[in-house]
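Colleague: Let me begin by handing over the structure; questions about it come next.
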Amino acid sequence: MLTAADEWHVHQTPEPLASSGTDRNFYDRSYFGAFRAEDGLIVAAAFGMYPNLNIADAHLTVVRDGVQHCLHASKTLHSDRATLAVGPVSIEVVQPLQELRLVVDDGTLAADLRFRGRHFPIEEPRFIHRFGPRAFMDYTRMSQAADVTGTVTVDGETLALDGVDGLRDRSWGIRPVGLPDPTPLMPPRDPQFFWLWTPVHLPDRTLFFHVNADAEGRAWNTRAVLVPHGATPEDHVHAHGRMTLELHPGTRWVSGAQLEVQADDGTDLRLTYTPRAHLEMQGLGYRHPTWTHGTPHGEFELGHERIALDHEEHGALHRWHRQLLCDVVVDGRQDAASGVLEHLVIGPYRPLGLT
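If you read the sequence shown in numbering that gives the first Met the number 0, its first letter stands for residue 0, the second for the next number, and so on.
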């Protein structure tokens with residue numbers, strides 16, 4: 000099946016670009032985040048294509064004054080991978096790997112934001128994880144810190160963002176999307192997943208750290224890297240990190256954290272995180288009861304909702320995945336640092352006493 004995307008010289012198989020191998024779970028997604036530490040404003044968006052499901056979806060979510068405002072959109076893709084738009088949400092690639100524009104043209108929740116990269120994106124280790132012979136994840140992700148400028152409109156008020164801290168990532172490959180696979184794992188096993196992602200904006204550089212771990216706390220994918228502003232790939236400083244967490248009693252929500260980093264250039268850092276505000280990732284479609292990634296909604300559907308972040312529904316799986324906007328103290332000094340601590344813990348995780 001030939002499509003407009005085939006005019007781009009980006010083929011990597013003998014197939015037209017409408018084909019993405021044979022795995023139904025193939026996806027291609029962008030994430031954007033903007034964070035204003037002084038008042039706890041969080042703006043985030045996600046845009047995903049699922050070529051073998053023939054679906055695309057997009058989300059915008061804004062946290063302000065303890066309320067999370069959400070926009071969700073879904074469409075039938077019709078194998079059009081050249082059009083980066085779902086309803087009111089669109090992405091413009093102004094300069095590849097350096098500047099992108101996110102536009103959400105909606106009367107209820109809107110945004111017009113530019114993300115200008117502070118460095119060449121980092122490429123994280125390839126995420127490959129299997130349950131027995133079955134592939135659960137197999138994907139690549141790049142991440143980048145950014146300066147964000149533009150506007151966001153919520154509750155009829157337009158807010159200006161001027162050079163605030165931003166993040167974006169691009170990932171593509173295989174991970175569970177759409178309706179769940181009805182075929183059970185053999186032999187049967189209980190669900191288990193542990194994930195941390197914590198970029199920290201330092202005055203002249205960005206620290207990235209992430210880890211996926213098994214129930215015993217053994218990492219199956221992890222990386223730490225220090226990236227100076229303006230860095231090329233050769234300037235990225237590889238490191239090793241170890242994070243300890245505190246949880247709100249009786250929950251899987253992080254209340255505080257410490258991160259120790261030893262870099263290959265001899266830099267040693269100890270960072271302490273104090274949450275200031277948080278965002279629920281269901282607002283971007285992650286495990287949302289209705290708008291989870293790759294779920295069919297017909298030719299086109301648009302929805303809005305508000306999430307009361309002070310509602311303590313800690314037993315609901317779709318509320319476990321969070322991003323915390325944190326004040327970060329570095330080495331005991333009150334340096335000008337802020338960070339994001341994203342976490343999701345499903346099933347047992349012995350280091351935190353979770354079963």
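Using N, Cα and C, we set each Cβ at its ideal position, and we do this for glycine too.
Near residue 29, which residues of its chain fall below 6 Å by C-beta distance, leaving aside the five closest residues on each side in sequence?
Modeller: So the list reads 46, 169, once near-sequence residues are dropped.
Colleague: Just to confirm, are residue 33 and residue 200 a CB contact at a threshold of 8 Å?
Modeller: no
Colleague: Leaving out the 5 sequence neighbours to the left and right, which residues in its chain are closer than 8 Å to residue 283 when beta-carbon positions are compared?
Modeller: 30, 43, 44, 45, 58, 60
Colleague: Are there 16 or more other CB atoms within 10 angstroms of the CB of residue 143, so buried, or fewer, so exposed?
Modeller: buried
Colleague: Nearest-angstrom Cα distance between residue 117 and residue 230?
Modeller: The straight-line gap from Cα to Cα measures roughly 8 Å.
Colleague: Could you tell me whether the Cβ atoms of residue 10 and residue 1 are closer together than 8 Å?
Modeller: Their beta carbons are not under 8 Å apart, which means residue 10 does not touch residue 1 by this criterion.
Colleague: For residue 315, is the classification buried or exposed, using 16 other Cβ atoms within 10 angstroms of its Cβ as the cut-off for buried?
Modeller: Exposed is the call here.
Colleague: Helix or strand or just coil, what does DSSP make of residue 6?
Modeller: helix
Colleague: Pull up the CB-CB distance for residue 69 and residue 303, whole angstroms please, since I reckon it's below 8 Å.
Modeller: 7 Å
Colleague: Comparing C-alpha positions only, which one of 179, 214, 203, 173 sits nearest to residue 189?
Modeller: That would be 214, whose Cα lies nearest to the Cα of residue 189.
Colleague: Does the count of Cβ pairs from the segment 339 to 352 and the segment 180 to 199 closer than 8 Å reach three?
Modeller: yes
Colleague: Could you tell me the alpha carbon to alpha carbon distance between residue 233 and residue 98, rounded to whole angstroms?
Modeller: 20 Å
Colleague: Quick check on the DSSP output: the beta strand (DSSP E) that includes residue 279 runs from which residue to which?
Modeller: 267 to 279 is the span of the beta strand (DSSP E), which, as asked, contains residue 279.
Colleague: In whole angstroms, what separates the C-alpha of residue 94 from that of residue 210?
Modeller: 30 Å
Colleague: Counting only the same chain and skipping the five closest in sequence on each side, list residues whose C-beta sits under 6 Å from that of residue 36.
Modeller: 337
Colleague: With distance defined between alpha-carbon atoms, name the residue in 175, 125, 228 nearest to residue 119.
Modeller: It is 228 whose Cα lies nearest to the Cα of residue 119.
Colleague: Taking DSSP as the reference, what is the three-state secondary structure of residue 318?
Modeller: helix
Colleague: Take every Cβ of the segment 273 to 289, pair it with every Cβ of the segment 150 to 163, and state whether three or more of those distances are shorter than 8 Å.
Modeller: no
Colleague: Any idea what DSSP makes of residue 362, helix, strand or coil?
Modeller: With the chain represented from 0 up to 354, any question about residue 362 goes unanswered, as that position is not in the structure.
Colleague: Measuring straight from C-alpha to C-alpha, what distance separates residue 297 and residue 324?
Modeller: 35 Å
Colleague: Could you name the residues of the same chain whose beta carbon sits closer than 8 Å to that of residue 257, not counting the 5 residues immediately before and after it, in chain order?
Modeller: Counting only residues of its own chain and dropping the five nearest sequence neighbours on each side, residue 257 has a CB closer than 8 Å to the CB of 242, 243, 269, 270, 271, 272.
Colleague: Which of the three DSSP states, helix, strand or coil, is assigned to residue 295?
Modeller: Note: residue 295 maps to coil in three-state DSSP.
Colleague: Let me confirm a value: residue 50 is counted as buried when at least 16 other C-beta atoms fall within 10 Å, else exposed. Which label applies?
Modeller: buried
Colleague: For residue 204, collect the residues of the same chain with a Cβ closer than 7 Å to its Cβ; drop the 5 residues on either side in sequence, then sort them by chain order.
Modeller: 225, 226, 227, 228
Colleague: What did DSSP end up calling residue 37 once you bin it into helix, strand or coil?
Modeller: coil
Colleague: Going by DSSP, name the residue or residues bridged to residue 148.
Modeller: 113, 161
Colleague: Based on DSSP bridge pairs, tell me the residues matched to residue 87.
Modeller: Residue 87 has no beta-bridge partner at all, per DSSP.
Colleague: At what residues does the beta strand (DSSP E) containing residue 60 begin and finish?
Modeller: 54 to 63
Colleague: My parser needs the beta strand (DSSP E) runs of 3 or more residues fully inside the segment 166 to 249; what are they?
Modeller: 192 to 196, 204 to 212, 218 to 227, 236 to 246
Colleague: Sorted by chain position, which residues of the same chain lie with C-beta nearer than 7 Å to residue 286's C-beta, five sequence neighbours on each side aside?
Modeller: 316, 317, 320
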